[in-house]
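In what follows, a structure is listed as structure tokens, so that the remarks can point back to it.
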Amino acid sequence: MNITPQKRVLIIDDDEGLTEPLQMAMEAAGYEVLVAHDGNEGLMKIERDAPDLVLLDLVMPRRSGFAVLDTITNYKQRAPRIIMVTGNSEPKYRELALDRGVDRFIPKPYHIEDLVEAVNELLKPD
7 MNITPQKRVL IIDDDEGLTE PLQMAMEAAG YEVLVAHDGN EGLMKIERDA
57 PDLVLLDLVM PRRSGFAVLD TITNYKQRAP RIIMVTGNSE PKYRELALDR
107 GVDRFIPKPY HIEDLVEAVN ELLKPD
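Structure representation (structure tokens):
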């Protein structure tokens, strides 16, 4: 019997009003969910827990989403897939994020169903 391990999603966002419903939606979709409330905590959890995908806010205390992104993309081990979720929907932020290696850029406000669908697409088996 071959059991596939549960995929792990890390939410890095300082807005608890957004992280809680998002965590519930991701768990309902079958993911193990971790939450970090700033960039430094997020990097610690990435190193310790090796998530398959990170939902990354852009504007956060202690370390911005771009600073976290730059650190993640320089990892020697397998880097997680990254969806940047932000209220800064200006084209320059989208271009910067995509140039720095995010897999998706989703502006806030978003529909949780759309975000879950993006996660499902990025984490589907090869």
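Quick note on our numbering: the sequence shown kicks off at 7 and runs consecutively. Using N, Cα and C, we set each Cβ at its ideal position, and we do this for glycine too.
Would you identify the three-state DSSP class for residue i, choosing helix, strand or coil?
i      : result
Leu104 : helix
Val65  : coil
Pro113 : strand
Arg54  : helix
Taking 8 Å as the cut-off, decide whether the C-beta atoms of residue i and residue j are in contact.
i     : j     : result
Val91 : Leu61 : yes
Pro17 : Val41 : The displayed chain sequence assigns Ile, not Pro, to residue 17. Cβ atoms of Ile17 and Val41: closer than 8 Å.
Could you pull the DSSP bridge partners for residue i from this structure?
i     : result
Ala34 : Partner(s): none; Ala34 has no beta bridge.
Leu16 : Leu40, Val60
Could you tell me which of the options sits nearest to residue i, measuring between CA atoms?
i      : options                      : result
Glu22  : Gly36, Asp44, His117         : Asp44
Asp55  : Asp63, Leu64, Val39, Tyr99   : Val39
Lys130 : Asp105, Leu59, Val74         : Leu59
Glu96  : Met66, Ile112, Glu119, Ala73 : Ile112
Pro11  : Pro57, Ile17, Asp19          : Pro57
Hey, would you say the C-beta of residue i is under 7 Å away from at least one heavy atom of the ligand ZN?
i     : result
Leu49 : With respect to the ligand ZN, the structure shown offers nothing to examine, as it has no ligands at all.
Suppose you measure from the CA of residue i to the CA of residue j; what does that come to, to the nearest Å?
i     : j      : result
Met50 : Lys98  : 28 Å
Val15 : Val125 : 9 Å
Glu33 : Arg106 : 28 Å
Val74 : Ala31  : 24 Å
Arg69 : Asn46  : 6 Å
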